[in-house]
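So the structure is just underneath, and the comments pick up after that.
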Amino acid sequence: MSKALRLEDLEEFEKIRIVPPQAITDKIKAGIRSLNETEEIEPFIQNIIADYNHTPHNSVEIADILTTKVTYHGEVLFAAFVIKGKSFKIVRPKDIDHQILRLQPMKSLDLIILLASGDILDAVKRDLTSVAESINAYFIIADVVDTARLFLAHYKICSNDGHPFISGKCAQCGLDEDAPSELEFRLKEEPLYTIIEQGDASHGLAKRFSVRAVTDPHYSKSTIRHIAKIIIWEFRQSAYCRSKPVENHFGQKTPDCIMLFLFPKLDETSQNNWICRAVWNREDLKEEYKHKELSEKFERLGNIIIDWNPHYYEIKELVSKNSITKEVFVGHIENILPSIDKLMDIYYGAYNSYTSGDLHQNDFQNIMVKLEKDAYVIYDKSVTIAFPPYECQSASSTFSCYVSLFHNIFIAFAEWSQVGGSWDN
Numbered sequence: 017m018s019k020a021l022r023l024e025d026l027e028e029f030e031k032i033r034i035v036p037p038q039a040i041t042d043k044i045k046a047g048i049r050s051l052n053e054t055e056e057i058e059p060f061i062q063n064i065i066a067d068y069n070h071t072p073h074n075s076v077e078i079a080d081i082l083t084t085k086v087t088y089h090g091e092v093l094f095a096a097f098v099i100k101g102k103s104f105k106i107v108r109p110k111d112i113d114h115q116i117l118r119l120q121p122m123k124s125l126d127l128i129i130l131l132a133s134g135d136i137l138d139a140v141k142r143d144l145t146s147v148a149e150s151i152n153a154y155f156i157i158a159d160v161v162d163t164a165r166l167f168l169a170h171y172k173i174c175s176n177d178g179h180p181f182i183s184g185k186c187a188q189c190g191l192d193e194d195a196p197s198e199l200e201f202r203l204k205e206e207p208l209y210t211i212i213e214q215g216d217a218s219h220g221l222a223k224r225f226s227v228r229a230v231t232d233p234h235y236s237k238s239t240i241r242h243i244a245k246i247i248i249w250e251f252r253q254s255a256y257c258r259s260k261p262v263e264n265h266f267g268q269k270t271p272d273c274i275m276l277f278l279f280p281k282l283d284e285t286s287q288n289n290w291i292c293r294a295v296w297n298r299e300d301l302k303e304e305y306k307h308k309e310l311s312e313k314f315e316r317l318g319n320i321i322i323d324w325n326p327h328y329y330e331i332k333e334l335v336s337k338n339s340i341t342k343e344v345f346v347g348h349i350e351n352i353l354p355s356i357d358k359l360m361d362i363y364y365g366a367y368n369s370y371t372s373g374d375l376h377q378n379d380f381q382n383i384m385v386k387l388e389k390d391a392y393v394i395y396d397k398s399v400t401i402a403f404p405p406y407e408c409q410s411a412s413s414t415f416s417c418y419v420s421l422f423h424n425i426f427i428a429f430a431e432w433s434q435v436g437g438s439w440d441n
């Protein structure tokens, strides 16, 4: 059964939802109407759906884009795009019927998409829906507003005037491609985030920042991408240095590289379970000093590289199943501390006896070998505890260090160590 869809119904175009139709100004519409269908509109769409097949635009062409790279409700669709750009201020039946009719014999076609920057006459809509019904295909009719929303959501055009970005800047007003778009959230709540750490990992040849921020667990990938763009733009303006010597070296220079980690929840920072990381490198920085692509499935947002944590939900579930309450954590520590005090009392007694000459060297060594085994049992119990709540993270780290130092007192007498219990070694 033929059915009308919207662009945002397709998984590849779902980002369009973050741009409300009411935000498309007359100035943006004018910019969209100036786009060339073969040199701009078609390549933009191919880039979004990752279909880079180029077919000649001649009399035997079936559709502007014929692809299987679109998805609806998890199902791959065989889709045909018919595109009309700046040459068609008004899209009439005579401009499009020959293309639509070529699709009619294609009974395996699942979706017909008409995308036009000009005004679409009702007769065109009638003819397109008629062909879609005859082959039982879905159809989408995307006008200038839909086209603008799609290209804004995917950072293909300037949010000021709808003109395309060329070499990283708006061809009309010069806006930097990496500058965050105010348009996306002008009519809705501003996305929230909190910077929890700004680190300076600079070396002599490159100024490098590392930033960690917490967002909201309910935000979509589209919103998280937008937040990443905002934060990186913010820190690109920063001249922060971690110390006076670094400041003396770089002066007021802004960063060459930024590595950003985004966490949906504050308590996930302690497990370093980020959901998204983003990298920006200054274009003129030498390749050997740049942050490289983070994985094989990275995305590009202008000059920003976006990477999604493939294990985020797996780690989240693991932590959830192995978390404990504050009282359980505190009780665990309180149960271990007396055992540490007891072993330390034995150690001090043996050490004092040895240094005073009342205890033979071999006897002292045997005691230490036994104490190391007991200390390791305590250490093992301490580090295998489940995940405590966020407010206990600092106490947990301090306690882990404390127990490690405690075990280090005896570690030279461990059977597995290089010393191997030999006093001479």
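Just remember that the working numbering sits 16 ahead of the position in the sequence shown, which is counted from 1. Where is the CB? At the ideal position from N, CA and C, for every residue including glycine. Small disclaimer: the values here were computed from a predicted structure and weren't measured.
For Gly47 and His179, believed in contact at Cβ under 8 Å, the rounded distance: 4 Å
Test item: CB-CB of Ile248 and Trp296 under 8 Å: yes
Given Gln136 as reference, the closest of Ala158, Leu125, Ser124 once Cα atoms are compared: Rather than Gln, the amino acid found at residue 136 in this sequence is Ile. Considering only alpha carbons, the answer is Ala158.
Exposure of Cys417, with buried meaning 16 or more beta-carbon neighbours within 10 Å: exposed
Cutoff 6 Å; reference Gly215; Cβ partners in own chain excluding five residues on either side: Ser226
Helix, strand or coil at Val35 according to DSSP, with G and I counted as helix: coil
Backbone CA spacing between Asp25 and Ala153 [nearest angstrom]: 15 Å
Classification of Ser7 by the beta-carbon crowding that lies within 10 angstroms, buried from 16 upward: As shown, the chain starts at 17 and ends at 441. That puts residue 7 outside it, with no answer to give.
CA-to-CA distance, Gln188 to Ala95, given in whole angstroms: 33 Å
Nearest-angstrom beta carbon gap, Ala294 and Leu276 [assumed within contact, 8 Å]: 4 Å
Assigned exposure category for Gly134 - 16 Cβ within 10 Å defines buried: buried
Candidates Ile362, Ile394, Tyr395, Ser398, of which the one nearest Asn382 by Cα: Ile362
Beta-carbon gap between Ile81 and Glu55 smaller than 8 Å: no
Minimum C-alpha distance to Pro233 - residue among Glu284, Gln268, Ser259, Val262: Glu284
Close Cβ partners of Gln62 (< 7 Å) along its chain, the five nearest in sequence each way excluded: Tyr68, Ile81
Helix, strand or coil at Arg202 according to DSSP, with G and I counted as helix: Low confidence applies to Arg202: its pLDDT is 46, below 50, so where it sits in the model is not reliable, and the reading given next is rough at best. Coil, per DSSP.
DSSP state of Ile352 mapped onto helix, strand, coil: helix
Member of Lys302, Asp192, Ile356 whose CA lies at the smallest distance from the CA of Ser398: Ile356
Backbone secondary structure at Ser416 - three-state DSSP: helix
Inter-residue Cα distance where the pair is Arg202 and Arg118: Bear in mind that a pLDDT of 46 at Arg202, under 50, signals an unreliable position, so the number given afterwards is only what the model happens to contain. So the alpha carbons of these two residues sit roughly 42 Å apart.
As assigned by DSSP and simplified to three states, the class of Pro52: Here residue 52 turns out to be Asn, not Pro, going by the sequence shown. Three-state DSSP puts Asn52 in coil, outside helix and strand.
With 16 other Cβ atoms within 10 Å as the buried cut-off, status of Ala169: buried
Three-way DSSP call (helix, strand, coil) for Phe380 in this model: helix
For Glu24, three-class secondary structure by DSSP: helix
For Ala158, the first and last residue of its enclosing alpha helix (DSSP H): Premise fails: Ala158 lies in the beta strand (DSSP E), 154-158, not in any alpha helix (DSSP H).
Interface flag, Ala294 vs chain C, CB-CB below 8 Å: Among the chains in the structure shown there is no chain C, since it carries only a single protein chain.
Residues near Asp252 by beta carbon distance below 8 Å, same chain, minus five either side: The amino acid occupying residue 252 in the given sequence is Arg; Asp does not appear at that position. Asp194, Thr270, Pro271, Ile274, Trp296.
Cα-Cα separation between Thr84 and Lys123, rounded to whole angstroms: 15 Å
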